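S.K.: If you scroll down you'll find the structure; I have some questions about it.
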Amino acid sequence: MNWFKRKTYPEFWQNYVANFKESKHHKLKDIRFIVFDTETTGLNTKEDRILSIGCVGIENFKIKIADQLECYVMQEHFNADTVKIHGLLKEGTLSKLEEEEAIIQFLDFVKNAVLVAHHAAFDVTMINNALKRMQLPKLKNKVLDTGHLFQKTKLDTTKEHFGLDELSKRFNIPLHDRHTASGDAYITAVLFLKLLAILNKNDDLTLKDLLRSHKRIGLL
Amino acid sequence: MNTIAERIYDFLKDFPPFNMLDRNQLFSISEAVEVGYFEKDQALFKIDQPIENHFYVVKNGAIGLYTDQGIIVDECDEGDIFGLRALLRKDNYILDAIAIEESIVYSISSELLEEYITTNSEASRFLMTSFISNTKQLESDTSTIVSSEFTNLQSVDYSKNPVTCTIDTTIQSAAQTMTDKRIGSIIIEKDAKPIGIITDKDLRIKIATGRFSISESVSKIMSSPVITYPESTTVAEAQIAMLKHQITHLCITEDGTANSKLTGILSEHDIIVLRENSASSLVKEIKRSKDILQLREIRAQAEKLLKRYLEQDLPIEFAAKLISTINDVITQKIIDSAIIQQGTNPPTEFAWLAIGSQGRQEQLLMTDQDNALVYEDVSDDKKEATKTYFLNLAKQINKDLETVGFELCPADMMGSNPKWCLSVSEWNLQFNRWITMPDQDNLMLCTIFFDYEHVYGSKTLIEKLSQSIFKSIENHDIFLTYLGRNALQNPPPLSFFRQFLVEESGEHKNQFDIKARSMMPLVDAARLLILSHNIKSINNTVERFKKLVELEPQNKDIYLFCIEAYKDLLWFRTEQGLHNSDSGRFIDVQSLSKLNRLKLKRSFKAVKLVQELIQTRFKLSQLM
Numbered sequence: 001m002n003w004f005k006r007k008t009y010p011e012f013w014q015n016y017v018a019n020f021k022e023s024k025h026h027k028l029k030d031i032r033f034i035v036f037d038t039e040t041t042g043l044n045t046k047e048d049r050i051l052s053i054g055c056v057g058i059e060n061f062k063i064k065i066a067d068q069l070e071c072y073v074m075q076e077h078f079n080a081d082t083v084k085i086h087g088l089l090k091e092g093t094l095s096k097l098e099e100e101e102a103i104i105q106f107l108d109f110v111k112n113a114v115l116v117a118h119h120a121a122f123d124v125t126m127i128n129n130a131l132k133r134m135q136l137p138k139l140k141n142k143v144l145d146t147g148h149l150f151q152k153t154k155l156d157t158t159k160e161h162f163g164l165d166e167l168s169k170r171f172n173i174p175l176h177d178r179h180t181a182s183g184d185a186y187i188t189a190v191l192f193l194k195l196l197a198i199l200n201k202n203d204d205l206t207l208k209d210l211l212r213s214h215k216r217i218g219l220l
Numbered sequence: 001m002n003t004i005a006e007r008i009y010d011f012l013k014d015f016p017p018f019n020m021l022d023r024n025q026l027f028s029i030s031e032a033v034e035v036g037y038f039e040k041d042q043a044l045f046k047i048d049q050p051i052e053n054h055f056y057v058v059k060n061g062a063i064g065l066y067t068d069q070g071i072i073v074d075e076c077d078e079g080d081i082f083g084l085r086a087l088l089r090k091d092n093y094i095l096d097a098i099a100i101e102e103s104i105v106y107s108i109s110s111e112l113l114e115e116y117i118t119t120n121s122e123a124s125r126f127l128m129t130s131f132i133s134n135t136k137q138l139e140s141d142t143s144t145i146v147s148s149e150f151t152n153l154q155s156v157d158y159s160k161n162p163v164t165c166t167i168d169t170t171i172q173s174a175a176q177t178m179t180d181k182r183i184g185s186i187i188i189e190k191d192a193k194p195i196g197i198i199t200d201k202d203l204r205i206k207i208a209t210g211r212f213s214i215s216e217s218v219s220k221i222m223s224s225p226v227i228t229y230p231e232s233t234t235v236a237e238a239q240i241a242m243l244k245h246q247i248t249h250l251c252i253t254e255d256g257t258a259n260s261k262l263t264g265i266l267s268e269h270d271i272i273v274l275r276e277n278s279a280s281s282l283v284k285e286i287k288r289s290k291d292i293l294q295l296r297e298i299r300a301q302a303e304k305l306l307k308r309y310l311e312q313d314l315p316i317e318f319a320a321k322l323i324s325t326i327n328d329v330i331t332q333k334i335i336d337s338a339i340i341q342q343g344t345n346p347p348t349e350f351a352w353l354a355i356g357s358q359g360r361q362e363q364l365l366m367t368d369q370d371n372a373l374v375y376e377d378v379s380d381d382k383k384e385a386t387k388t389y390f391l392n393l394a395k396q397i398n399k400d401l402e403t404v405g406f407e408l409c410p411a412d413m414m415g416s417n418p419k420w421c422l423s424v425s426e427w428n429l430q431f432n433r434w435i436t437m438p439d440q441d442n443l444m445l446c447t448i449f450f451d452y453e454h455v456y457g458s459k460t461l462i463e464k465l466s467q468s469i470f471k472s473i474e475n476h477d478i479f480l481t482y483l484g485r486n487a488l489q490n491p492p493p494l495s496f497f498r499q500f501l502v503e504e505s506g507e508h509k510n511q512f513d514i515k516a517r518s519m520m521p522l523v524d525a526a527r528l529l530i531l532s533h534n535i536k537s538i539n540n541t542v543e544r545f546k547k548l549v550e551l552e553p554q555n556k557d558i559y560l561f562c563i564e565a566y567k568d569l570l571w572f573r574t575e576q577g578l579h580n581s582d583s584g585r586f587i588d589v590q591s592l593s594k595l596n597r598l599k600l601k602r603s604f605k606a607v608k609l610v611q612e613l614i615q616t617r618f619k620l621s622q623l624m
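Chains A and B are the protein sequences, given in the same order. Residue numbers for the first sequence follow my numbering, beginning at 1 and rising by one. Residue numbers for the second sequence follow my numbering, beginning at 1 and rising by one.
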């Protein structure tokens with residue numbers, strides 16, 4: 001069964017996994033959230049690759065600018081079509097990392113934080129696929145999706161998916177640095193704070209409530 | 001690499017004390033900022049709460065600081081710092097900080113403060129002076145607002161013992177009394193109520209010319225009825241009344257009507273003494289003027305007068321009325337002389353109309369002229385010649401107005417344009433077409449031409465026009481809905497986060513278009529609402545809202561708010577225009593004092609409220 005698994009994982013992975021042994025906080029204000037975004041060469045999670053990762057931390061309902069990670073990844077696979085969206089050229093002036101190094105930095109940074117992203121499934125899959133190429137298991141972090149959280153607010157039930165632009169406009173979040181990983185991570189972080197404020201009106205919101213599928217809440 | 005910190009740096013670098021730091025210092029701060037989000041009414045800190053280890057900078061929104069009695073002592077918006085006093089004094093908070101609206105606030109730790117800011121002597125001096133003077137400054141600002149609103153509103157100083165006589169007094173004996181008492185007028189009383197007045201001018205025109213005998217009763221030559229005002233009349237109101245009625249004396253009575261006891265008399269002379277170089281004396285000069293160039297000189301003087309009025313905090317609506325009266329008198333003088341220059345008298349009745357902001361009596365600055373001409377219908381064979389006559393007349397008038405200083409309208413909205421020089425029935429057709437086909441262009445024309453004000457000629461023609469407009473509107477009530485939609489085209493000019501929506505490109509980049517963004521929405525709203533009450537006789541925006549207060553007491557608060565807002569905006573525009581010698585339309589928001597920025601922002605709330613009212617009343621949500 002386990003011949004395709006490595007017998008021992010590299011140190012950085014062991015360190016990463018070790019973070020999850022610590023006792024877990026349940027109060028929202030004590031939880032470290034990492035809001036992140038990936039810019040990729042395209043939307044195909046198998047073929048396309050991560051161009052950059054932007055992360056910013058939230059604790060006690062405040063965005064901690066100091067708690068941030070921003071890295072750019074060197075590319076073999078390159079899709080000229082998406083350059084006009086993210087503006088990242090194959091050979092740019094930014095200092096870039098090998099994909100593996102970027103993932104190592106990411107794991108070291110996020111630790112056991114709860115991850116938050118807009119339409120998180122895509123970004124998580126991109127990271128997981130990179131991990132797979134490194135012959136490592138999937139991310140162990142809990143993940144929140146600001147798209148789902150918006151659905152929980154029931155402010156607009158006309159459709160399932162709302163883009164980041166759409167929600168930013170709705171919540172009056174200025175669109176600075178849109179389509180850079182860090183810029184989108186920051187916008188998502190502000191959106192996350194606003195959604196928390198709406199969902200936490202009674203000050204009794206727990207992480208469980210956030211993780212629970214919005215569809216199930218609808219049936220209660 | 002920290003893109004987010006760069007963005008925070010970009011914001012902070014424009015505000016003191018951060019602009020006093022060097023790049024590296026500020027960047028270090030930016031990298032360590034924490035960003036908090038607060039819902040409306042959420043508290044950031046409360047009185048007596050132990051200090052947190054940071055102070056705050058407002059990024060978006062507004063935070064109010066309140067005393068324990070709930071009195072607001074400061075309103076902090078973009079770039080403002082608060083929560084510093086407690087941090088520097090290492091003391092508990094003495095004010096509540098509550099989000100007045102949804103806000104994003106940066107927190108900066110005391111470590112950063114000590115490391116980068118208090119070590120910088122310039123920055124630290126700024127912090128010390130600002131947090132010490134903050135509360136005081138606000139108090140004094142508030143008192144200026146209050147006092148400015150009352151300056152010039154104090155009652156006029158009128159003669160308390162008016163000289164009177166009865167109706168059966170002879171002209172001779174009345175003249176004797178005037179001479180004995182060295183006065184220029186005498187009031188004819190009946191049961192202690194004023195019924196007429198005789199002035200020096202009456203004696204000159206009616207007696208010295210031999211038209212009446214001095215043995216006849218004063219009733220033969222007195223002006224009657226008299227114009228009466230209450231004791232509380234202000235200087236500015238009295239001045240306007242005299243200009244409006246073209247008279248030199250006002251009777252002051254107990255309740256302001258001619259049916260109550262006469263308590264005093266106010267002469268123009270009293271006012272001139274009060275205001276040297278006053279508007280009334282300018283009007284006199286206009287009437288005496290011999291040529292256009294002289295008028296140009298007088299109009300320039302009027303501008304100086306305006307400047308002084310603003311400096312003296314004369315209520316802006318009075319300044320506006322005075323200036324528009326002066327403009328009207330200049331125009332009348334020009335038309336008189338233009339008619340003479342035509343060589344023949346007008347072939348039929350006509351009227352000259354001021355339109356747009358001139359029609360609303362809101363044009364304080366010398367902007368371009370907007371006007372139109374209407375003449376009585378003539379038989380078919382005379383149509384051609386009549387139109388030609390009035391077009392030539394209008395051309396002359398427009399040209400002379402230009403010489404005086406009113407630039408020609410770039411959109412050619414002038415009487416000399418064949419489209420705006422029409423007979424009554426042609427105008428009626430035109431208005432009817434606009435009302436029945438309210439497309440974008442026609443609506444725009446309605447908003448300009450509906451605000452017409454008679455300047456010269458036949459008033460009957462204008463009444464005919466107004467009646468025809470209401471008939472058309474009545475038959476097409478959907479028109480008001482379109483007009484309503486038009487009135488909502490410019491939403492309140494603040495982004496949700498209280499940033500001014502400034503122009504994004506072009507010559508006026510980063511400036512605020514006060515006309516389009518905040519004045520026109522109020523003008524449009526007032527016009528729509530007053531038309532929906534079938535009132536055409538009021539054009540002035542403030543007057544329209546005043547009438548609406550009367551008609552809709554349930555919305556009184558909103559309309560009063562609009563009145564205040566519009567006055568403030570008109571003041572800003574005029575002040576900026578005089579300052580920059582332009583139309584005052586674009587305001588550099590950064591140049592405004594904090595108090596003025598607050599006032600400006602407050603006026604946008606009026607826009608929001610009245611637009612919401614319109615949206616509901618005209619059921620515009622379906623249409624939008």
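The beta carbon of each residue, even a glycine, is placed where N, CA and C say it ideally should be. Note that the structure is predicted; figures quoted are calculated from it, not measured.
1. When the cut-off is 9 Å and only beta carbons count, does Asp-177 of chain A lie next to chain B?
2. Measure from the C-beta of Ala-97 of chain B to each C-beta in chain A and report whether the shortest distance is under 9 Å.
3. Nearest to Met-520 of chain B by alpha carbon, out of B:Pro-492, B:Thr-3, B:Ser-423 and B:Glu-550?
4. Residues in the same chain with beta-carbon distance under 7 Å from Leu-609 of chain B, minus the five sequence neighbours each way, listed in chain order, please.
5. Have a look at the DSSP bridge pairing and note the partners of Asn-56 of chain A.
6. What are the partner residues of Ile-50 of chain A, as DSSP defines its beta bridges?
7. Taking 8 Å as the limit between beta carbons, can you name the residues of its chain near Val-114 of chain A, skipping five residues before and five after?
8. Looking at Thr-3 of chain B: is its Cβ nearer than 9 Å to the Cβ of Asp-123 of chain A?
9. Going by Cα to Cα distance, which pick from B:Tyr-93, B:Ile-81 and B:Glu-122 is closest to Leu-21 of chain B?
10. Among B:Leu-465, B:Leu-401, B:Lys-459 and B:Leu-531, which residue has its Cα nearest to the Cα of Gly-484 of chain B?
11. Here's the rule I'm using: 16 or more other beta-carbon atoms within 10 Å means buried, otherwise exposed. How should Val-35 of chain B be labelled?
12. Roughly how far, in whole angstroms, is the beta-carbon of Ile-292 of chain B from the beta-carbon of Asp-400 of chain B, given that I think they are within contact range, below 8 Å?
13. Give the range of the beta strand (DSSP E) segment to which Glu-34 of chain B is assigned.
14. Go through its chain and collect everything with a Cβ distance to Ile-614 of chain B's Cβ below 8 Å, but skip five positions before and after it.
15. Looking at chain A, which residues of the region 36 to 69 of chain B have a Cβ within less than 9 Å of any of its Cβ atoms?
16. Mind checking the region 187 to 214 of chain A against chain B and listing, in chain order, the residues whose C-beta falls within less than 7 Å of any C-beta there?
17. Buried or exposed: which applies to His-454 of chain B, given that a residue is buried once 16 or more other Cβ atoms fall within 10 Å of its Cβ?
18. When the cut-off is 9 Å and only beta carbons count, does Lys-62 of chain A lie next to chain B?
19. Note down, in chain order, all residues in the region 5 to 16 of chain B with a beta-carbon under 9 Å from any beta-carbon belonging to chain A.
20. Just to confirm my understanding: we take Lys-307 of chain B, look at its own chain, exclude 5 residues before and 5 after, and list those with CB closer than 8 Å. What are they?
21. Would you say Glu-70 of chain A faces chain B, with C-beta separation under 9 Å as the test?
22. Identify whether Thr-179 of chain B lies in helix, strand or coil by the three-state DSSP scheme.
23. Near Phe-497 of chain B, what residues of its chain come up, given a Cβ to Cβ distance below 6 Å and the 5 sequence neighbours on each side ignored?
24. Should Ala-606 of chain B be labelled buried (16 or more other beta-carbon atoms within 10 Å of its own) or exposed?
25. Any beta carbon from chain B within less than 9 Å of Pro-137 of chain A's own beta carbon?
26. Tell me the residue span of the beta strand (DSSP E) that contains Leu-310 of chain B.
27. Could you tell me whether the region 414 to 422 of chain B touches the region 337 to 345 of chain B, using the rule of 3 or more Cβ pairs below 8 Å?
28. When Cβ atoms are compared, which residues of the region 81 to 113 of chain B fall closer than 8 Å to chain A?
29. Mapping DSSP to helix, strand and coil, what is Cys-562 of chain B?
30. Quick check on Asp-30 of chain A: does DSSP put it in helix, strand or coil?
31. Note down, in chain order, every chain B residue with its Cβ under 7 Å from the Cβ of Thr-180 of chain A.
32. Does any C-beta atom of chain B lie closer than 9 Å to the C-beta of Ala-253 of chain A?
33. Restricting to runs no shorter than 3 residues, where is the beta strand (DSSP E) found entirely within the region 40 to 101 of chain B?
34. So does the region 280 to 290 of chain B actually touch the region 254 to 263 of chain B, counting three or more Cβ pairs closer than 8 Å?
35. Report yes if the CB atom of Ile-121 of chain A is closer than 9 Å to the CB atom of Thr-188 of chain A, and no otherwise.
36. Taking 8 Å as the cut-off, does the region 350 to 358 of chain B touch the region 312 to 332 of chain B (at least 3 CB pairs, one atom from each stretch)?
M.R.: In short, the structure shows the following:
1. Cβ-Cβ to chain B under 9 Å: yes for Asp-177 of chain A.
2. Residue contact check for Ala-97 of chain B against chain A: no CB pair falls below 9 Å.
3. Ranked by Cα distance from Met-520 of chain B, the first of B:Pro-492, B:Thr-3, B:Ser-423 and B:Glu-550 is B:Pro-492.
4. Taking Leu-609 of chain B as the centre and dropping the five residues before and after it, the same chain places the C-beta of Ile-558 and Phe-561 closer than 7 Å to its C-beta, in chain order.
5. A small fix is needed here, since residue 56 of chain A is Val in this sequence, not Asn. According to DSSP, which records beta bridges pairwise, Val-56 of chain A is partnered with A:Val-35 and A:Gln-68.
6. Paired residues: A:Thr-40.
7. Excluding residues within five positions, the ones whose Cβ falls inside 8 Å are Ile-31, Arg-32, Phe-33, Ile-34, Asn-141, Lys-142, Val-143, Leu-144 and Leu-207.
8. Thr-3 of chain B places its beta carbon 9 Å or farther from that of Asp-123 of chain A.
9. Considering only alpha carbons, the answer is B:Glu-122.
10. Taking only the C-alpha atoms, the option nearest Gly-484 of chain B is B:Leu-531.
11. Burial call: buried.
12. About 5 Å separates the beta carbon of Ile-292 of chain B from that of Asp-400 of chain B, a gap short enough to meet the 8 Å contact definition.
13. 34 to 38 is the extent of the beta strand (DSSP E) around Glu-34 of chain B.
14. So the list reads Gly-484, Ala-487, Leu-488, Ala-525, Leu-528, Leu-529 and Leu-620, once near-sequence residues are dropped.
15. Taking 9 Å as the Cβ-Cβ cut-off against chain A, the residues of the region 36 to 69 of chain B that qualify are Gly-36, Tyr-37, Phe-38, Glu-39, Gln-42 and Asn-60.
16. Using a CB distance below 7 Å, the part of the region 187 to 214 of chain A facing chain B consists of Val-190, Leu-193, Lys-194 and Ala-197, ordered along the chain.
17. So His-454 of chain B counts as buried.
18. True, the Cβ-Cβ gap to chain B drops below 9 Å.
19. Listed in sequence order: Ala-5, Glu-6, Arg-7, Ile-8 and Asp-10.
20. Excluding positions up to five away in sequence, the list reads Leu-578.
21. Taking 9 Å as the threshold, the shortest C-beta distance from Glu-70 of chain A to chain B falls below it.
22. Thr-179 of chain B: helix per DSSP, three-state reduction.
23. Any reading at Phe-497 of chain B needs caution, since the residue's pLDDT is 45, under 50, leaving its predicted position unreliable; the model's value is listed next. The residues are Asn-60 and Gly-61.
24. A buried status is given to Ala-606 of chain B, since no fewer than 16 other beta-carbon atoms sit within 10 Å of its beta-carbon.
25. The Cβ of Pro-137 of chain A sits no closer than 9 Å to any Cβ of chain B.
26. Residue range 292 to 311 is occupied by the alpha helix (DSSP H) that includes Leu-310 of chain B, with no beta strand (DSSP E) assigned at that position.
27. Output reads no: the region 337 to 345 of chain B does not touch the region 414 to 422 of chain B.
28. Of all residues in the region 81 to 113 of chain B, only Glu-102, Ile-104 and Ser-107 place a beta-carbon less than 8 Å from a beta-carbon of chain A.
29. In the structure shown, Cys-562 of chain B falls within a helical segment according to DSSP collapsed to helix, strand and coil.
30. Helix.
31. Ordered by position in chain B, the residues that pass the 7 Å Cβ test against Thr-180 of chain A are Thr-3.
32. Because residue 253 of chain A is not part of the residues shown, which for chain A are 1 to 220, the question remains open.
33. Here the runs fully enclosed are 43 to 45, 54 to 60, 63 to 66, 72 to 76 and 96 to 99.
34. Contact between the region 280 to 290 of chain B and the region 254 to 263 of chain B is absent, because fewer than three Cβ pairs lie under 8 Å.
35. Note on identity: in this sequence residue 121 of chain A is Ala, with Ile being the wrong assignment. Result no, Cβ atoms of Ala-121 of chain A and Thr-188 of chain A do not sit closer than 9 Å.
36. Counting Cβ pairs under 8 Å, three or more are found: they touch.
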